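Protein chains in written order, with the numbering used here: chain A, 67 to 609; chain B, 1020 to 1434.
From the three backbone atoms N, C-alpha and C, an ideal C-beta is built for every residue, glycine too.
Small disclaimer: the values here were computed from a predicted structure and weren't measured.
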């Protein structure tokens, strides 16, 4: 018993020691872990200096490069060439879907008659009138469409129906439709169906006499089939029905008299963003506008421009072009054709400041031109003896070519862009300055505004407030010696916080020539270089 | 997961003491007979973490690791104290070793089998005063000047070892072969680098020439197995003829990892001029305003291919000598040839108290930190347990101004 107690006591001491050891280990571990958990970002301040952004603003940034052209003196010209006509002249010679139905009777009485194979039963020539209401067509070439035919045989015999169209040829070969039918009855005809692609076919619509219009000649032959196993048993008054459908014919060429047609042209030519024309007062000189009409159609036309309106949708300004030459009736004579060659006719109307108010028209800085015109085809009627012609892929084109030599005077002409900030919330702490270096290679001054706006474009703060950059020095002729101005933008935490928010940055450069009436020539050497640099203390943060 | 990662890394850092692992515990060498008589097995669980630098002090390192704002004065002081070239390094390791004391390999009752697993992290960085100043003070003061930034070295390896070996129970000499699973590897070496900021601040020219390697970036985390390798570790203890001490030679991490074919090999040789984002299309409405990716503008070539890398080798030589029944001295040298640490001279003075406690006081010179004082305590007072706690930079725990800090902790159980 004593021995047992001693053992018990010894075990108890060991347990105590083990327990203390565990507590010590646990304590050390706990303190170690608790004191070493990262609870915040590591941050420190640095003073950074360097460039942030750079770029060059030249004329090509205001106007799409494709619209600019340099002349031999190095002067930029703004060339705008717009197609003014959007006339669908295909429609004057269109052939609607046409269905031709013929019911052919056996020219016999009584019966039944036993007709051996390969015996002719019916033969007939027909002139079929096409449903063309607006034109009197003598010839058409087809570039698309289908000819669908259906033959119904009510005769008790194997038949071969041949439908010849002598006026429909392709590469000189006549279109022939052949349909074989099995024996039918009056109550249960045998039906044969087929399709012919009309692409590439030429149609003579002058009928058998050669003097008709819109008339298609056909020749139908119905025979017992040459390989019929039995004779046909035919009664008088048995019949064969033939249905021919011209479906969606597309005309590539037409000849005839196209009729007299009048079109109203109410069209808006939208320059879109291609020009990015600035807003303000612009004085231009030596502007020329050429209207050109090119007629490939063998029909006369008359164009009457009622109004050409230059519209600036941003400023809500508009100006009509006042040009007696353009606004009077323009007669366009027909093109001529010799063999396969077309000789188009041209009309050219030159508009300048001397015969119009085109300078005012362009100085509206239009982003749209609205055109109101009437066009008459064949105003004198059928004076060609049904020999008008048209190739539908090349018809009547009217172009407006504007040539603006960029010899300009400006007053408060503003080029602007609003940049949407992404609000990515970059965790940036900084205090310092931004430096905007502007090197002006334009021979006129410009005023800079850089404004911070909120999502609704409401003012928050001016980063650069109506500050004028130095004018490039004109040395000789077009040569300009660029001049550099440096603007300082204080960068405070307020600015950074707002740049990190989903706000907007509005940049506006407003140009002024020394006198608004003074014209300055813009050349390829004119530009504004901008370099944005910084020297700021910022806080680096490592999460 | 993030918290767990912090906890694990914290544990690695705070359970640090490089030397404890380096060579055989003096307790074992001096108390062999009494400790292991009629015992069957020995299990040791240990951890170490060490950070050292010849420039960066603990206050700075704490902020980098634990977070917080590094004051301008602190950075100014470090830049002022920096040499032309500076170094810093860290080692962290957790290990578990099992000795089977009854295996009697090769019919020799003293040759026992040992198996173990460990996870190790080794990192170093070598940097110039200008590089440190650029990163922590910026380039404003250098406008109009060209500054050399190189050379710059940085390396990091993390791996796990699964080892099997032989331990001689008479001398505690050990020879282990390990299968190594590579967790992570990054290395950068810039032989030459410079920065030039124009006085107008409109361009920054950065020139660099060197290499960078990064192990398979698609695999992440502990035990990711980005590479496979092998290692040999040895710890050879030779008793002195008078049985009053030991000579010891050890070599750890003789081996390699073959990092897999997804390892990114960068060749950096370019002069990169930064003039800011080109926003020339600002008013061109045909163009969307988008900023270019800065990384795309930095010149480098990269190919992915496997790479053989030596493990961070650690070689040590020591002499452990009893002065009398209580006092002993432990002196030696440690070299880590593949890292940036200097050869380290080590001298320890120990007291082996017969009540089961052993204390050491150390003087060390070299490594990453230079001169250090260390101390450790080992105890066999708890029956069948050996406990160790120590630090080779005891002053590192006393203030933020000291450069380096380490601690080691080990608990062994004898069965």
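Can you give the Cα-Cα distance for residue 313/A and residue 356/A, rounded to whole angstroms?
Roughly 43 Å between the two C-alpha positions.
How would you list, in chain order, the residues of chain B whose beta-carbon sits under 8 Å from the beta-carbon of residue 610/A?
Because chain A spans 67 through 609 in this model, residue 610/A falls outside it and cannot be assessed.
So which of 363/A, 466/A, 396/A, 146/A has the shortest CA-CA distance to residue 456/A?
That would be 363/A, whose Cα lies nearest to the Cα of residue 456/A.
Roughly how many whole angstroms lie between the Cα atoms of residue 1445/B and residue 1207/B?
With chain B running from 1020 to 1434 in the structure shown, residue 1445/B is simply not present.
Identify every residue that forms a DSSP beta bridge with residue 454/A.
Answer is 322/A.
My output table needs one value for residue 247/A: the three-state DSSP class, helix, strand or coil.
Residue 247/A falls in the strand class under three-state DSSP.
Residue 568/A by DSSP, collapsed to three states: which one?
Three-state DSSP puts residue 568/A in coil, outside helix and strand.
In terms of residues, what are the limits of the alpha helix (DSSP H) holding residue 1094/B?
It spans 1091-1100 - the alpha helix (DSSP H) in which residue 1094/B sits, taken as one unbroken run.
Label residue 105/A either buried or exposed according to how many other C-beta atoms from any shown protein chain fall within 10 Å of its C-beta, with 16 as the threshold for buried.
That one is exposed.
Using a Cβ cut-off of 9 Å, which residues of the region 1082-1107 of chain B contact any Cβ in chain A, in chain order?
Of all residues in the region 1082-1107 of chain B, 1082, 1083, 1084, 1085, 1086, 1087, 1088, 1089, 1090, 1091, 1093, 1094 have a Cβ within less than 9 Å of some Cβ in chain A.
For residue 419/A, which residues in chain B fall below 8 Å Cβ to Cβ?
Chain B residues near residue 419/A: none, gap ~29 Å exceeds 8 Å.
My parser needs the alpha helix (DSSP H) runs of 4 or more residues fully inside the region 1056-1137 of chain B; what are they?
Listed in chain order, the complete alpha helix (DSSP H) runs (minimum 4 residues) inside the region 1056-1137 of chain B are 1077-1085, 1091-1100.
Taking the alpha carbon of residue 1424/B as the point to measure from, which residue in 1411/B, 1434/B, 1433/B, 1430/B has its own alpha carbon closest?
Ranking 1411/B, 1434/B, 1433/B, 1430/B by Cα distance to residue 1424/B puts 1411/B first.
Would you list, in chain order, the members of the region 1143-1163 of chain B that have their beta-carbon closer than 9 Å to a beta-carbon of chain A?
So the close ones are 1153, 1154, 1155, 1156, 1157, 1158, 1159, 1160, 1161, 1162.
Could you list which residues in chain A have their beta carbon closer than 7 Å to that of residue 1205/B, in chain order?
None at all; the shortest Cβ gap to chain A is about 17 Å.
Give the DSSP-derived three-state secondary structure of residue 1047/B in the structure shown.
It is helical.
Roughly how many angstroms separate the alpha carbons of residue 1148/B and residue 1404/B, rounded to a whole number?
Cα to Cα, residue 1148/B sits roughly 48 Å from residue 1404/B.
Name, please, each residue of chain A whose Cβ falls closer than 9 Å to the Cβ of residue 1138/B.
Under the 9 Å cutoff, chain A gives no residues; its nearest Cβ is about 17 Å from residue 1138/B.
Specify the secondary structure class of residue 363/A as computed by DSSP and reduced to three states.
Looking at residue 363/A - three-state DSSP - the assignment turns out to be coil, as it is neither helix nor strand.
Starting from the beta carbon of residue 107/A, find every residue of chain B whose beta carbon is closer than 8 Å, and list them in chain order.
Chain B residues near residue 107/A: 1086.
Scan the region 494-516 of chain A for residues whose Cβ lies nearer than 8 Å to a Cβ of chain B and list them as they occur along the chain.
Cβ contacts with chain B come from 501, 503.
By the criterion of Cβ-Cβ separation under 8 Å, what are the contact partners of residue 599/A in chain B?
Here the neighbours are 1219, 1220, 1221, 1295.
For residue 1356/B, collect the residues of the same chain with a Cβ closer than 8 Å to its Cβ; drop the 5 residues on either side in sequence, then sort them by chain order.
So the list reads 1332, 1334, once near-sequence residues are dropped.
Apart from the five residues on each side of it in sequence, which residues of its chain come closer than 7 Å, Cβ to Cβ, to residue 171/A?
Answer for residue 171/A: 303, 305, listed in chain order.
By alpha-carbon positions, which one of 508/A, 112/A, 446/A, 297/A ends up nearest to residue 1098/B?
Ranking the options by Cα distance to residue 1098/B, first place goes to 112/A.
Would you verify that the beta carbon of residue 456/A is, or is not, closer than 8 Å to some beta carbon of chain B?
Taking Cβ atoms only, chain B never reaches closer than 8 Å to residue 456/A, which makes this a no.
Quick test of the definition: if touching needs 3 or more C-beta pairs under 8 Å, does the region 1238-1254 of chain B touch the region 1194-1206 of chain B?
In short, these stretches touch, since the Cβ pair count reaches three.
For the alpha helix (DSSP H) containing residue 393/A, name the first residue and the last one.
Per DSSP, residue 393/A belongs to the alpha helix (DSSP H) from 390-393.
For residue 1415/B, name the three-state secondary structure that DSSP assigns.
DSSP places residue 1415/B in helix when its eight states are reduced to three.
Are three or more beta carbon pairs between the region 311-327 of chain A and the region 435-448 of chain A nearer than 8 Å?
At 8 Å Cβ cutoff, the stretches touch.
Does the distance from the CB of residue 279/A to the CB of residue 229/A come in under 8 Å?
For residue 279/A and residue 229/A, no; Cβs fall outside 8 Å.
Return the CA-CA distance between residue 1045/B and residue 1060/B, expressed in angstroms with no decimal places.
Cα-Cα distance, rounded: 19 Å.
Helix, strand or coil: which one does DSSP assign to residue 559/A?
Residue 559/A falls in the helix class under three-state DSSP.
In the structure shown, what three-state DSSP assignment does residue 385/A receive?
Three-state result, residue 385/A: strand.
Determine, using beta carbons only, whether residue 110/A comes closer than 8 Å to chain B.
Yes, its Cβ sits closer than 8 Å to a Cβ of chain B.
Nearest chain A C-beta to residue 1290/B closer than 8 Å, yes or no?
It does not; no Cβ of chain A falls within 8 Å.
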